[in-house]
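Using this note's numbering, the letters of the sequence shown map in sequence onto residues 192 to 708. Ideal Cβ placement from N, Cα and C applies to all residues, glycine included.
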Amino acid sequence: MRPLALILLCSLPALAQYDLIIRNARVVDGSGQAAFTADLAVKDGRIAAIGDLKGKTAEREIDAVGRVAAPGFIDVHTHIEGAVDKAPRADNFLMDGVTTVVTGNCGGSAEALGEWYRKLEESGVGINIASLVGHNTVRRQVMGTANRHATPDELEQMKTLVAQAMEQGAVGFSTGLIYIPGTYSNTAEVVELARAAAARGGVYASHMRDEGARILEAIREAARVGQEAGMRVELSHFKIDTPRIWGFSAKSLALVEELRAKGLDIGVDQYPYDHSSTGLGITLPSWALADGPLKVRRRLKSPATRARIAAEMKGQLSNLGHKDYSYATVASFEPNREYEGKTIPEVTRLKGWKPTLDNQIRAIFDIQLAGGAQMVYHSMGEADVNRIMRYPHTAVASDGGVRVLGEGMPHPRSYGTNARVLAEYVRMKQVLTLEDAVRRMTSLPAGRFNLKDRGVLREGAAADIVVFDPARVQDLSTYTEPHQYSMGFDFVFVNGVAAVDEGQPNEKRPGRILRRQ
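Structure, rendered in structure tokens:
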């Protein structure tokens, strides 16, 4: 008679060795090295094996022949605060191959970072999320929008807030030095606050004071912060945003390389478009936006002050190389959705006015008085975009946010950044090789922001994996029809769980909060 234990063992099916095996993939591991064909196995949210896995079993197997398996893309320049609460799956990112984002950029972050993290963990999220602590956020908490330098006491209060956010898991400190109230600060203030982040291993990410005629001066200021605080520097959405000096990226990149040669750990990130997107307020002189909404309203209602603001706006247009505001398109304006997708001259016509420059400025004042608008600006040249993309220390990043399908007319970068790089700049223009493009989306940003075990395909790393067809991948989002997911990303695994399956998003929320390590 056979022992009962042996009878039971023989009657059970063989237990699977892995949760998932992706077979016959063209593996682009994120390092920049040449692709190779292999199988990948996943167990308990980690990559368990890479190689020839014939004879091995898994609960699920995917034949990836003809397709690429790469690390999930890491987008280190995003703005998801607020919107991720409405759309916690972040499908627009997942459908573009993104598994991890860094938010809190351009000086703006969640005020109570630890509490925000807790709420996201309770609700569940589709992607992994890390955050910087924003200069504008802490300055606003302490000083409001005052147009002056901080007092010693105020500086200490801001340093405390930065330190607290770092202790709660922030991965670094960000500035948005064209935005209020950060634009009213001096470099010494930024250095002191950056030191509070550097003491806890943070990176310094800066939307610099200028991305046009004074960009070299702005780069030097960012470098000074990094040097004096003793921390890595990331220059956000690196560009030349002034038509009259298009081509100047040759000089700006040369300065970055000079700083690297001198020992500063400095790099840049970029989105692959010649249009930018930010608020309408940047068209006004910064002094006009100081001291709170009531003061701003009084200025815009005063004929004398309006005339002064308008004169400075005309001067700024001339300096940028624009004749009027036809380069500026409304992306989101809740008081009147009819404005969305219209340029400022077109909005002026909608108001029944002739589109003279004076009337365009008048329309801008009206929109600003109604709460402002999110805009898309055609401000960059393709030659600069290409040159910056070729620079080996450029990471791919969207500067986008979580989007709800059908809401507003957002910049297409929130839907199609990575697909656009792979389709336009790898497959069509051959500006980058596939392996190098993936490196810029994975291991390069992971290394710069200290995201451990992300950005590479290796045994033991987190199983953030994207499987895509390099011949079919394509961005579909456009300026006129932005709400379209990218195509070609067949599977997106976040921590080993399929968040995009056979090209379709699902309801799973396998993302995690990535606190500073």
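Reference residue i, options the options, closest by Cα
i, options, result
"residue 372", "329, 343, 512 and 655", "329"
"residue 209", "305, 567 and 250", "250"
"residue 605", "641, 567 and 573", "567"
"residue 263", "500, 407 and 237", "237"
"residue 256", "268, 272, 275 and 218", "218"
"residue 170", "520, 539 and 341", "Limits of the chain in this structure are 192 at one end and 708 at the other, which puts residue 170 out of reach."
"residue 220", "684, 696, 648 and 700", "648"
"residue 447", "562, 436 and 429", "429"
"residue 464", "455, 375, 615 and 361", "615"
"residue 493", "509, 553, 540 and 477", "553"
"residue 294", "277, 396 and 214", "396"
"residue 597", "324, 675 and 542", "675"
"residue 678", "613, 641 and 424", "613"
"residue 214", "235, 245 and 422", "245"
"residue 594", "211, 260, 270 and 235", "270"
"residue 418", "441, 391 and 451", "451"
"residue 526", "495, 504, 499 and 560", "560"
"residue 575", "438, 290 and 291", "438"
"residue 708", "479, 414, 545 and 643", "643"
"residue 290", "562, 633, 225 and 498", "633"
"residue 571", "461, 233, 416 and 313", "461"
"residue 484", "641, 335 and 254", "335"
"residue 751", "680, 704 and 319", "Since the first and last residues shown for the chain are 192 and 708, residue 751 lies out of range."
"residue 600", "423, 531, 488 and 517", "531"
"residue 298", "206, 322 and 629", "322"
"residue 470", "558, 504, 491 and 310", "558"
"residue 307", "344, 254, 342 and 361", "361"
"residue 231", "254, 222, 224 and 223", "254"
Whether residue i touches residue j by CB criterion (8 Å)
i, j, result
"residue 702", "residue 316", "yes"
"residue 608", "residue 282", "no"
"residue 587", "residue 285", "no"
"residue 366", "residue 353", "no"
"residue 622", "residue 657", "no"
"residue 578", "residue 444", "yes"
"residue 583", "residue 669", "no"
"residue 387", "residue 350", "yes"
"residue 512", "residue 433", "yes"
"residue 426", "residue 473", "no"
"residue 403", "residue 436", "yes"
"residue 650", "residue 240", "yes"
"residue 333", "residue 348", "yes"
"residue 383", "residue 346", "yes"
"residue 393", "residue 364", "yes"
"residue 338", "residue 478", "yes"
"residue 466", "residue 398", "no"
"residue 258", "residue 660", "yes"
"residue 589", "residue 266", "yes"
"residue 626", "residue 356", "no"
"residue 645", "residue 654", "no"
"residue 666", "residue 628", "no"
Bridge-paired residues (DSSP) for residue i
i, result
"residue 325", "365"
"residue 566", "469 and 521"
"residue 678", "665"
"residue 343", "Note: residue 343 sits in no beta bridge, so no partner."
"residue 659", "259 and 680"
"residue 696", "691"
"residue 395", "364 and 424"
"residue 251", "211"
"residue 459", "426 and 585"
"residue 685", "688"
Burial state of residue i (16 or more Cβ within 10 Å)
i, result
"residue 272", "buried"
"residue 547", "exposed"
"residue 229", "buried"
"residue 377", "exposed"
"residue 716", "Any question about residue 716 goes unanswered here, given that the chain covers just 192 to 708."
"residue 509", "exposed"
"residue 536", "buried"
"residue 279", "buried"
"residue 619", "exposed"
"residue 662", "exposed"
"residue 340", "exposed"
"residue 705", "buried"
"residue 311", "buried"
Neighbour flag for residue i against chain B, beta carbons, 8 Å
i, result
"residue 334", "Note that chain B does not occur in the displayed structure, where there is just one protein chain."
Residue i beta carbon near the ligand COA (any heavy atom closer than 7 Å)
i, result
"residue 573", "Looking for the ligand COA in the displayed structure turns up nothing, as the structure carries no ligands at all."
I'd like the ranges of any alpha helix (DSSP H) spanning at least 4 consecutive residues and lying wholly in the stretch 253-311. Runs found: 274-277 and 282-285.
Mind listing, in chain order, the continuous alpha helix (DSSP H) runs of no fewer than 4 residues lying wholly within the stretch 597-657? Correct list: 604-611, 625-632 and 634-639.
Unbroken stretches of the alpha helix (DSSP H), 4 residues or longer, contained in the stretch 473-552
You should have 484-492, 494-511 and 535-541.
- Query: Which whole runs of the alpha helix (DSSP H) in the stretch 426-453 are 4 residues long or more, in chain order?
  - Reply: List check, alpha helix (DSSP H) in window: 440-452.
Worksheet entry | Length-filtered (3 minimum) beta strand (DSSP E) runs lying within the stretch 217-247 | If we require 3 residues or more, the beta strand (DSSP E) runs fully inside the stretch 217-247 come out as 227-234 and 237-242.
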